[in-house]
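Contents: one structure, followed by commentary.
Residue numbers (my numbering), protein chains in the order written: chain X, 20 to 446; chain B, 804 to 1194.
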């Protein structure tokens, strides 16, 4: 153990409490996707390690957790400007963390047209909102002392940089996804924010080696400041789930997620078509919605398979669980998936899974069969093996169970804490 | 003497509800009872009751010289019986005036004629019996769903013993004024065909309250003079009954138009007959034949309103693929649900036509668009299939 580490150990053993200023874009219950879930898990894991977190998000509800201090950016700004406090719990919770700037504009116009008062909305421009968020970050940073700043994805990068200017403490960026994962046509303005943030960061935490490699390749960031910490999952059950057997029941294959280019729903329906050629009694379900849904519905109808490949629409958390409970096969053919929390969820409920090789999760769950996202023939072949052979699926789940138990937020928090300690001690 | 012949289509489907994916195999309730009840109540109050009252008065005032024909779909009659029984009473009152002809059709207002002869016959007989039972009337004229017609339909109608069929006076079939004569259907022994004069019909059905129409406002005497000056012996006015009070609100003056209509027609020298009287009194001069299906829907006047895109064809194909399994199950509840799903409106909601027609479709659409209608129907058909295979 070198001297720094010794000193560090001493410092933290003496009960030193790390104070972290964190910036996120969504937090339960106001979430639209995986980012909010991950933020919740990460902060909880860190809190268990004794880290004191102040998390600023654009808006909050009355339902705030006890393990961290949740601050709303809007309240910071209004308090700063007028000294009055504004009740923001009624802000319309529609903004997705990954909404496209142009979609955001359309949504904003629609909300105004439908009579929603302006005071309940964010501004008309997503970039303006991230700027405003950064302004609030600077104000908040000037109020208290923090040891470290931690940001989640591009919307909060400007806030992180602003806070770093004020506080002069290390900046940690957590990359859950990058613009190239989210869109066929990358928005250059978003890419630019990502580039600036990644260059300014003292430490970058990627949710997978896959993401780390992409960040390195696309943004030319030195590997030395990038680290991988895999996300966790909250297992609902302590025992290994049993894979369903097919007797007297229609077998069901499942796609779960936004029906957008990035998630590869095209490859799911192609795979379904191949399997249906051999197993016409089966049923496939796409749960979720997105800009690819309408063209895919028409394609499936053109094949005459509309009654075999069903679209469930957007489902709530409870219904997703119920749907998983009636499924025999989960396929995640994502074109680019930084992590893939949803695959963990399927496996943890005893649904055998196939993963795209272009996903972060496939590097953790190495025993789960995977294929390149475009290789629908291989997906179909692997899928039919699992469908014909529930014992094969059961073996898959048995093998993966220790890994699932290992992927928990507690461990995630410990790993992040180590990076914190290193950064703070070197500072 | 010039003759005008009025026929009104009365129909309300059992609209589907938003059937959830997790209900497959568990919940067999496919229809939106709340919405369907609300709609039948609303249309009863705005259209059926006041229009029936007005027409009954007119028939009595004119000593049954003013006469009309109705085709009321079985599914509409069922819903009236349950939620607006006074409408049934008022139709029965109309039946007693002696100035009303009731036509027969498919009970479920379906496209069974296109897909399944056996199912078509079942649905027609059920409608035939219902009309007889409710109104004491034995239909002799047949009106297929939305005036859908072809040589095959003519063959089916004659086989079931009907004497005449109503359909659309499509330009490409009979030319501009060809709808103004009765025809005999080619390849039949003696089945008469009456064609809709779509110009005169649409003057009332569509243009009546169009403020930008050069003839607006339309008065009964002006319209009657157009009927009188039409070439040929006959003007067939076939329209949706909901034209009165629902498509055109009462404030548009549509009921006043109706009230003055008989006198205006008589003044212009036009007599009014029902379809069965027309085919008895005016002999056809020519035969009509069409191997292609025609209908009164949209500008195409074919089946494209219900089978124009892949979703519609996929859904309809699937529905009729399930016919034998549903019937083999011998489950009357399942068969009834399956038949209610055969109603043409469900497929009309899936239409993706653009421009003028799309606006019409959207107005009637209870779902959030054609794709929603399709995926909902497909979830329901999965449950139908599971039920059929269970037994």
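By construction, the Cβ of each residue, glycine as well, lies at the ideal position given by its N, Cα and C atoms.
Residues that residue i contacts on chain X, provided the C-beta gap is smaller than 7 Å
| i | result |
| --- | --- |
| residue 1185(B) | 302, 326, 329 |
| residue 1113(B) | 317, 320, 321 |
| residue 1181(B) | 325, 326, 329 |
| residue 1117(B) | 320, 323, 325 |
Three-state class that DSSP yields for residue i in the structure shown
| i | result |
| --- | --- |
| residue 301(X) | coil |
| residue 823(B) | coil |
| residue 114(X) | Interpretation of residue 114(X) is limited by its pLDDT of 42, a score under 50 that renders its predicted location unreliable; the figure taken from the coordinates is listed afterwards. Three-state result, residue 114(X): coil. |
| residue 1093(B) | coil |
| residue 95(X) | helix |
| residue 1169(B) | With a pLDDT of only 45 at residue 1169(B), under 50, the local geometry of the prediction cannot be trusted, and the value read off the model is given with reservation. In this structure, residue 1169(B) counts as coil in the three-state DSSP scheme. |
| residue 138(X) | Note that residue 138(X) has pLDDT 44, beneath the 50 cutoff, so the model's placement of it is unreliable and the number below is only indicative. Helix at residue 138(X). |
| residue 174(X) | helix |
| residue 270(X) | coil |
| residue 445(X) | helix |
| residue 368(X) | coil |
| residue 376(X) | coil |
| residue 326(X) | coil |
| residue 108(X) | Per-residue confidence for residue 108(X) stands at a pLDDT of 37, beneath the threshold of 50, marking its modelled position as unreliable; the derived number appears in the next sentence. Correct three-state label for residue 108(X): coil. |
| residue 1088(B) | coil |
| residue 1030(B) | helix |
| residue 1049(B) | coil |
| residue 808(B) | strand |
| residue 870(B) | coil |
| residue 56(X) | helix |
| residue 1079(B) | helix |
| residue 1164(B) | For residue 1164(B), the predicted model reports a pLDDT of 49, less than 50, meaning its position is unreliable and no value from the coordinates is stated. |
| residue 970(B) | strand |
| residue 884(B) | helix |
| residue 62(X) | helix |
| residue 203(X) | coil |
| residue 288(X) | helix |
| residue 1110(B) | helix |
| residue 1011(B) | coil |
Beta-carbon neighbours of residue i, restricted to chain X and to distances below 9 Å
| i | result |
| --- | --- |
| residue 1189(B) | 269 |
Where residue i meets chain X, residues with beta-carbon distance less than 8 Å
| i | result |
| --- | --- |
| residue 1243(B) | What is shown of chain B runs 804 to 1194, which leaves residue 1243(B) out entirely. |
| residue 1120(B) | 323 |
Which listed residue (the options) has its alpha carbon closest to that of residue i
| i | options | result |
| --- | --- | --- |
| residue 1103(B) | 1012(B), 988(B), 973(B) | 973(B) |
| residue 1205(B) | 1188(B), 1191(B), 1182(B), 1190(B) | Missing from the structure shown is residue 1205(B); chain B here goes from 804 to 1194 and no further. |
| residue 154(X) | 205(X), 249(X), 190(X), 93(X) | 93(X) |
| residue 1000(B) | 970(B), 1121(B), 1184(B), 1050(B) | 970(B) |
| residue 1073(B) | 1037(B), 1063(B), 1098(B), 1099(B) | 1037(B) |
| residue 375(X) | 368(X), 367(X), 369(X), 402(X) | 402(X) |
| residue 253(X) | 360(X), 275(X), 190(X) | 360(X) |
| residue 44(X) | 150(X), 292(X), 310(X), 404(X) | 150(X) |
| residue 429(X) | 63(X), 47(X), 53(X) | 63(X) |
| residue 84(X) | 393(X), 66(X), 95(X), 96(X) | 66(X) |
| residue 1148(B) | 1138(B), 1024(B), 1107(B) | 1107(B) |
| residue 840(B) | 923(B), 931(B), 885(B), 868(B) | 885(B) |
Contact belief for residue i with residue j at Cβ below 8 Å, rounded distance in angstroms
| i | j | result |
| --- | --- | --- |
| residue 967(B) | residue 1082(B) | 5 Å |
| residue 1008(B) | residue 998(B) | At roughly 16 Å, the Cβ-Cβ gap does not stay under 8 Å, so residue 1008(B) and residue 998(B) are not in contact. |
| residue 813(B) | residue 879(B) | 6 Å |
| residue 171(X) | residue 42(X) | 7 Å |
| residue 352(X) | residue 412(X) | With a Cβ gap of about 18 Å, residue 352(X) and residue 412(X) do not count as contacting. |
| residue 234(X) | residue 176(X) | At roughly 13 Å, the Cβ-Cβ gap does not stay under 8 Å, so residue 234(X) and residue 176(X) are not in contact. |
| residue 951(B) | residue 1004(B) | That belief does not hold up - the Cβ atoms of residue 951(B) and residue 1004(B) are roughly 16 Å apart, past 8 Å. |
| residue 904(B) | residue 857(B) | Residue 904(B) to residue 857(B), Cβ: 18 Å. No contact. |
| residue 349(X) | residue 423(X) | In fact, because the Cβ distance is near 14 Å, the residues do not count as touching under 8 Å. |
Beta-carbon neighbours of residue i, restricted to chain B and to distances below 9 Å
| i | result |
| --- | --- |
| residue 342(X) | 824, 825 |
Under 7 Å from the C-beta of residue i: neighbouring residues of chain C
| i | result |
| --- | --- |
| residue 347(X) | Included in the structure are the protein chains X and B, with no chain C among them. |
Proximal residues of chain B, C-beta to C-beta of residue i below 8 Å
| i | result |
| --- | --- |
| residue 313(X) | 1174 |
Within chain B, partners of residue i - CB distance below 7 Å
| i | result |
| --- | --- |
| residue 338(X) | 825 |
Exercise. Would you call the stretch 193 to 204 of chain X and the stretch 227 to 237 of chain X touching, i.e. three or more CB-CB distances under 8 Å?
Worked result: yes
Exercise. Counting pairs of Cβ atoms below 8 Å between the stretch 50 to 64 of chain X and the stretch 181 to 189 of chain X, do you hit three or more?
Worked result: no
For this session: Say whether the stretch 907 to 923 of chain B touches the stretch 830 to 846 of chain B, bearing in mind that this needs 3 or more beta-carbon pairs closer than 8 Å, one atom from each stretch.
Result: no
For this session: Determine contact between the stretch 1105 to 1123 of chain B and the stretch 313 to 326 of chain X, defined as no fewer than three beta-carbon pairs at a distance below 8 Å.
Result: yes
For this session: Evaluate contact between the stretch 1051 to 1065 of chain B and the stretch 1009 to 1018 of chain B, counting only Cβ atoms and requiring at least three cross-stretch pairs below 8 Å.
Result: yes
For this session: Would you be able to state if there are at least three C-beta pairs under 8 Å between the stretch 378 to 394 of chain X and the stretch 429 to 438 of chain X?
Result: no
Exercise. So does the stretch 893 to 900 of chain B actually touch the stretch 858 to 866 of chain B, counting three or more Cβ pairs closer than 8 Å?
Worked result: yes
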